[in-house]
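J.: The working numbering puts the first residue of the sequence shown at 2, with every later residue one more than the last. Sharing a structure below in structure tokens format, with a few things to ask.
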Amino acid sequence: MAKRKELKSVINNICTDLAAEVVAVSLYDSKPAEDNVLAIINNILNMRNDYVRRISHVEPGMKPKAYFNNLIEAFNNDTLEVIDQITNLN
2 MAKRKELKSV INNICTDLAA EVVAVSLYDS KPAEDNVLAI INNILNMRND YVRRISHVEP
62 GMKPKAYFNN LIEAFNNDTL EVIDQITNLN
């Protein structure tokens, strides 16, 4: 990912897809508690906001390439956690 704009777009798209999946599971599967659904959606929104903000401000003293590699790895780990929450929603 050479450009920050592309990285922001990818993060936005993934978070949108995750939120859509939560809504689909809540409507078509086993009708989970509304509080659980809203908690996961809020988690996705907070995650999206956090990572988009972090793209714009590289940590001082850290090389940009290492910073963005760490950022992408952390985002992937958080995304996997959200996916686990969605699968356990049933």
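Using N, Cα and C, we set each Cβ at its ideal position, and we do this for glycine too.
Evaluate I84 with the Cβ neighbour count: other Cβ atoms within 10 Å of its Cβ, from every protein chain shown; 16 or more gives buried, anything less gives exposed.
T.: In the sequence shown, counting from the first residue as 1, residue 84 sits at position 83. Exposed.
J.: Is any heavy atom in the ligand MN found nearer than 7 Å to the beta carbon of D30?
T.: Summarising the ligand content, the structure contains no ligands, and the ligand MN is consequently not present.
J.: Examine the Cβ distances between the region 70-88 and the region 17-30 and report whether three or more of them are shorter than 8 Å.
T.: yes
J.: From what residue to what residue does the alpha helix (DSSP H) around N71 run?
T.: Stepping through the sequence shown from its first residue, residue 71 is reached at position 70. Note, N71: alpha helix (DSSP H), 65-88.
J.: Would you mind stating whether R49 and I12 have Cβ atoms separated by less than 8 Å?
T.: In the sequence shown, the residue the question calls residue 49 occupies position 48. In the sequence shown, the residue the question calls residue 12 occupies position 11. Yes, these two residues count as a Cβ contact at 8 Å.
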